Amino acid sequence: MYKHILWVLCVIGWWPVNGQHINWQNFDKSAFQQAMQQNKPLLLDLGASWCHWCHVMDDSTYENPTIVQYINDYYIPTRANQDKRPDLYAKYKDYGWPATIIFSPEGNEVYKEAGYISPETFLPILQTQLHSSPITNTINNSPINYQAWTPAVKKYILDNFYYYLDTTLGAYDMSQKYIEYDGIDYAMYAAPTNKILARWLQTSITQSFNLNDTAWGGVYQYSTNRDWQHPHYEKLLGIQARYLKMYARYYALKKDASTLARLNQINSYLQTFLASPNGLYYNSQDADLIAGQHAAAFFTSSSAERLHQGIPRIDSACYAKENAQLAEAFLYSWAATGDTSYLQKAKKILTTLTTVYNAPNGGVYHDLQHTNLPLALGDQLYFANALLLYYQASGDTGALHKSVALAQWMQTHLLAPPGGLESYERANAVLPPGIVMAENIDACRFFNRLSYNSDKSFKSTAQQIFRYLTQPSLLKHIIAEPGLLLAQVELSSAPTLVKTNRLVFIQWHDYAMEQ
């Protein structure tokens, strides 16, 4: 019922229209060439359209006359939207937004900082970093040292997972409260024989309801202060997909009416605010009604009171990865509820992506506005995964064939000699790609499942990825990665059932519990 309002208020950019005095450029190879020619360091301001502190830093730090003058005189200033740049998201996602990165004229990182930086703090940083030494990356420079899977390795990963559990408030014992999918997935797998994880699962799901918008539906990104009562109000499509999938699976397991109600509210929010005419869904809704101004009073008011004031900005970009993840979540919603409209929504997303987002080299674009960027693992992987699940749900062999083609594309373009999949293709890359743990865990599990529905040789790719992920130099840096435990279970035994059947489909892996 708000569609006519959305068309008027839809805005994509997050930086101010007026008073933009810094000579911002795109973050690309030409900017680095300019840095080399002028012997200046390069500054990257990496943010997001929905990010409150990005707005604040724009309005204060990057509008400060001293900062503006210094950057224009001594730096090559570049900026990018991390949602539009999966290559930069993969590189700097652990820093949060805004992320500030400074490169030497030769293209080496010399400084990285997460979050808002005041003008008073930023000027000394800019002055100090004019002639800094490159940052050494000890993780990526570690030698490859594979190890066999043993009970000790399993115990290390499981103990690490338990260490981060908040058994009182749910989720992980960290400053931000939100739920990661792999933790819930493992808890649902282990809950029948593990009372601790069964309680943690119930607590986490129930407490996550505090992130649900009671007026419009949808889920906020997270809460600060180590509790569930201080939400950050941005709503991201990927977050909606994650909670929709978790709630669908939990409802299928427990038949909990409260969880079903939240599932329905997320769907209502998606259809009202984020649905686009082409069957895809928009990327996000801003945390601020007015950029840079806290909006807690707005988001704690009723729907009518909000509409009287306006609607926070919608980023109308439609990205392949997040839409594929939503298609997957719709498939699980169909499997949990039997509502065939979810199956149709998933089909429409996958059809649009298949028809419109194809790249000439066989991969898929992240979006249609930046087709010159390197193709990213996330877009290929989650699209291929959703296609495989749609085949399992519907029996559509065309979806399976497309999933297989994307799997082969990933093998050809992204599989690195050590065994992991790089986060984006090297062709046209501004920065060298890395290997992201979370995406590779999902890729390992996808290739293994695909091997039971198509060519059995895909299992060797899954094994190769798993072998890479479980080397000691990577495991010593993990923070709660129970997906590795599920990957090992799935690799070591075939699923008990592989059928197109709604009641079986919801069981995700359908593996027997280890004793």
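For the sequence shown, my numbering assigns the number 12 to the initial residue and increments by one for each residue that follows.
C-beta atoms are modelled at their ideal positions from N, C-alpha and C, and glycine is treated no differently.
Since we're looking at a predicted model, the values are computed, not measured.
Give a yes or no on whether the minimum CB-CB distance between residue i and chain C is below 9 Å.
| i | result |
| --- | --- |
| Leu271 | Structure shown: chain C not included; a single protein chain is present. |
Answer with buried or exposed for residue i, where buried requires no fewer than 16 other C-beta atoms within 10 angstroms of its C-beta.
| i | result |
| --- | --- |
| Gln403 | buried |
| Tyr174 | exposed |
| Met257 | buried |
| Pro97 | buried |
| Gln391 | buried |
| Glu316 | exposed |
| Ser438 | The question names Ser, yet the displayed sequence has Ala at residue 438. Ala438 should be labelled exposed. |
| Thr89 | buried |
| Ser279 | exposed |
| Ala387 | buried |
| Lys40 | exposed |
| Asp105 | exposed |
| Met68 | buried |
| His319 | exposed |
| Pro444 | buried |
| Arg237 | exposed |
| Ile155 | exposed |
| Asn459 | buried |
| Asp193 | buried |
| Ala410 | buried |
| Ile490 | exposed |
| Ala202 | buried |
| Thr366 | exposed |
| Ala198 | buried |
| Lys358 | buried |
| Ala268 | exposed |
| Gln232 | buried |
| Phe321 | Position check: residue 321 holds Gly in this sequence, whereas Phe was assumed. By the 10 Å Cβ count, Gly321 comes out exposed. |
| Lys467 | exposed |
| Gly374 | buried |
| Thr481 | buried |
| Trp25 | Bear in mind that a pLDDT of 37 at Trp25, under 50, signals an unreliable position, so the model cannot answer this. |
Tell me which same chain residues have a C-beta within less than 6 Å of the C-beta of residue i, skipping the five on either side of it?
| i | result |
| --- | --- |
| Lys414 | Note that residue 414 is Ser in the sequence shown here, rather than Lys. So the qualifying residues of the chain are Ala395, Leu398 and Leu399. |
| Tyr393 | Lys332, Ala335 and Gln336 |
| Phe546 | This structure cannot settle anything about residue 546, because the visible part of the chain is limited to 12 through 526. |
| Pro323 | Gln296, Asp297 and Leu300 |
| Glu131 | none |
| Phe457 | Asn396 |
| Phe38 | Leu55, Thr89 and Ala91 |
| His377 | Pro97, Tyr330, Ala331, Ala387 and Asp390 |
Here's a check: name, in chain order, each residue in its chain whose Cβ is nearer than 8 Å to the Cβ of residue i, leaving out the five neighbours to either side.
| i | result |
| --- | --- |
| Lys165 | Leu496 and Gln499 |
| Gln422 | Thr472 |
| Gln93 | Leu57, Gly58, Ala59, Leu99, Tyr100, Tyr103, Lys104, Trp108 and Ala110 |
| Arg210 | Thr178 |
With a threshold of 7 Å on Cβ separation, who are the neighbours of residue i within its own chain once the five nearest residues in sequence on each side are excluded?
| i | result |
| --- | --- |
| Arg273 | Phe220, Asn223 and Tyr258 |
| Phe133 | Thr72 and Ile78 |
| His241 | Ser234 and Thr235 |
| Gln140 | Pro52, Ile113, Val121 and Tyr122 |
| Lys356 | Phe341 |
| Tyr262 | Thr270, Leu271, Leu274 and Ala347 |
| Asn83 | Ile33 and Asn34 |
| Ala427 | Glu433 and Ile446 |
| Arg253 | Tyr192 |
| Leu502 | Asn459, Ala473, Gln474 and Phe477 |
| Asp184 | Tyr175, Leu176 and Asp177 |
| Asp407 | Tyr401 |
| Leu208 | Ala198, Ala201 and Ala202 |
| Asn369 | Val375 |
For residue i, write down the residues that DSSP places opposite it in a beta bridge.
| i | result |
| --- | --- |
| Ala125 | Ala110 |
| Asp56 | Arg90 and Thr111 |
| Ser295 | Leu247 and Asp326 |
| Gln36 | Thr89 |
| Glu501 | Partner(s): none; Glu501 has no beta bridge. |
| Asn369 | Val375 |
| Glu120 | Phe114 |
**Study point:** Complete alpha helix (DSSP H) runs within the segment 212-285 (minimum length 4 residues, chain order)
**Key:** 248-265 and 268-280
Exercise for review: Decide yes or no for the touch test of the segment 475-484 against the segment 444-458: beta carbon pairs closer than 8 Å, at least 3 of them.
Suggested key: The segment 475-484 vs the segment 444-458: in contact.
**Study point:** Within the segment 136-220, ranges of the alpha helix (DSSP H) (whole runs, at least 4 residues)
**Key:** 162-175, 192-201 and 206-219
Exercise for review: Evaluate contact between the segment 286-300 and the segment 239-249, counting only Cβ atoms and requiring at least three cross-stretch pairs below 8 Å.
Suggested key: yes
Check your understanding: Okay, do the segment 358-365 and the segment 414-423 touch, 3+ Cβ pairs below 8 Å being the bar?
Key -> no
Check your understanding: Per the contact definition of three or more C-beta pairs closer than 8 Å, is the segment 47-64 in contact with the segment 107-124?
Key -> In this structure the segment 107-124 lies against the segment 47-64, because at least three pairs of beta carbons, one per stretch, are closer than 8 Å.
Review point. With a cut-off of 8 Å, do at least 3 Cβ pairs link the segment 98-105 to the segment 337-350?
Key: No, the segment 98-105 does not touch the segment 337-350.
Exercise for review: Would you be able to state if there are at least three C-beta pairs under 8 Å between the segment 377-392 and the segment 301-320?
Suggested key: Taking a cut-off of 8 Å on C-beta distances, the segment 301-320 does not touch the segment 377-392, as fewer than three cross pairs fall below it.
Review point. Which parts of the segment 372-452 are runs of the alpha helix (DSSP H), unbroken and 4 residues or longer, counting only runs that do not cross its ends?
Key: 388-405 and 408-424
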